[in-house]
Amino acid sequence: MKLIRLNLLIIALLAYSTTFAQKSYEWKTATSGGYTYKYVSNDPMKARFYTLANGLTVILSENHKEPRIAALIPTRAGSNNDPRTNTGLAHYLEHMLFKGTDKFGSMDWAKEKPLLDQVNALYEKYNKSTDSIQRKAIYKEIDRTSGEAAKFAIANEYDKMMASMGGQGTNAFTSYEQTVYTEDIPANAIDRFLKLQAERFRSPVLRIFHTELEAVYEEKNRGLDNDGSKVY
Numbered sequence: 000m001k002l003i004r005l006n007l008l009i010i011a012l013l014a015y016s017t018t019f020a021q022k023s024y025e026w027k028t029a030t031s032g033g034y035t036y037k038y039v040s041n042d043p044m045k046a047r048f049y050t051l052a053n054g055l056t057v058i059l060s061e062n063h064k065e066p067r068i069a070a071l072i073p074t075r076a077g078s079n080n081d082p083r084t085n086t087g088l089a090h091y092l093e094h095m096l097f098k099g100t101d102k103f104g105s106m107d108w109a110k111e112k113p114l115l116d117q118v119n120a121l122y123e124k125y126n127k128s129t130d131s132i133q134r135k136a137i138y139k140e141i142d143r144t145s146g147e148a149a150k151f152a153i154a155n156e157y158d159k160m161m162a163s164m165g166g167q168g169t170n171a172f173t174s175y176e177q178t179v180y181t182e183d184i185p186a187n188a189i190d191r192f193l194k195l196q197a198e199r200f201r202s203p204v205l206r207i208f209h210t211e212l213e214a215v216y217e218e219k220n221r222g223l224d225n226d227g228s229k230v231y
């Protein structure tokens, strides 16, 4: 009896492997709704790969279990792209992409912008200086001016805008070769979502960065307390 079961199992495995081997996975091209896209034959996810006129790649895969859209916005830049003199910059930039633009995130952009420009100029001066006393004085001025600029910032406005359209799971992560921004939205909010994302990446403003720098350091410290993170 055991021998018969073993033979049946072998036959079933051979049949499965033969069926699997017969499937071919090839890149193909198709057109729908006036748009041309690529896809991989026999892909169980039936993903479509579109390339927009601006070069942006959009990958779509339909799932009708829930009327929601899981959106991931990856960029081809991560910690491996950090300058040697500014490690952690990619992770820091990830955080800053939640701070808004000149269109949102500020109570008074006309008053905030000159202060942020002044901070930027002070940082340029700070980086060029090699005198420790002068650098300390410059940084003190940076801290003071940053505090003035922070008075005009609206904390977490991006998160609130996403929540107002039913967004969930607003987050992001930085890896070696990529930075990925994640969202989960109702299907009927797609237009508002795309408009907000276009604005978000159009001209990000690096506001309240002193506070966010502390948040990044705290994440680093938590990672250093985790043996698994240190090995990774």
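Using numbering that gives the first Met the number 0, the first residue of the sequence shown is number 0, and each one after it goes up by one. For glycine and all other residues, C-beta sits at the position ideal for the given N, C-alpha and C. Just so it is clear, the structure is predicted and the values come from calculations on it, not from any experiment.
For residue i, which residues of its own chain have a beta-carbon under 7 Å away from its beta-carbon, when the five flanking residues on both sides are left out?
i, result
"T35", "T28"
"E93", "A171, T173 and T178"
What residues match up with residue i in a beta bridge as DSSP calls it?
i, result
"S105", "A152"
"Y180", "I72 and A171"
"S31", "Y34"
"I189", "DSSP, once it has assigned bridges, lists no residue as partnering I189."
"L59", "R47"
"R67", "P185"
"V39", "W26"
What does a CB cutoff of less than 6 Å around residue i pick up in its chain, not counting 5 residues either side in sequence?
i, result
"I22", "Inspection of the sequence shows that residue 22 is occupied by Lys rather than by Ile. Within the same chain, K22 has close Cβ partners N41."
"F73", "In the sequence on display, residue 73 carries Pro and not Phe. Within the same chain, P73 has close Cβ partners Q177 and V179."
Looking at the structure shown, is residue i part of a helix, part of a strand, or coil, going by DSSP?
i, result
"R47", "strand"
"V118", "helix"
"I207", "coil"
"A310", "Any question about residue 310 goes unanswered here, given that the chain covers just 0 to 231."
"K110", "helix"
"T129", "coil"
"S202", "coil"
Give a yes or no on whether 8 Å exceeds the smallest Cβ distance from residue i to chain D.
i, result
"I137", "Absent from the structure is chain D; it holds one protein chain and no more."
With a cut-off of 8 Å, do at least 3 Cβ pairs link the segment 107-117 to the segment 157-174?
-> Cβ pair count under 8 Å is below three, so no.
Given 8 Å as the limit, is there contact between the segment 150-165 and the segment 47-56, that is, 3 or more CB pairs closer than that?
-> The answer is no - the segment 47-56 does not touch the segment 150-165, with fewer than three Cβ pairs under 8 Å.
Should the segment 146-159 be called in touch with the segment 171-184, which here means at least 3 C-beta pairs below 8 Å?
-> Segments in contact, no.
Are the segment 132-140 and the segment 195-210 touching by the rule of at least three beta carbon pairs closer than 8 Å?
-> Of all C-beta pairs linking the segment 132-140 to the segment 195-210, fewer than three are shorter than 8 Å, placing the two stretches out of contact.
The segment 67-83 contacting the segment 182-194, beta-carbon criterion three pairs below 8 Å = Touching, per the Cβ criterion.
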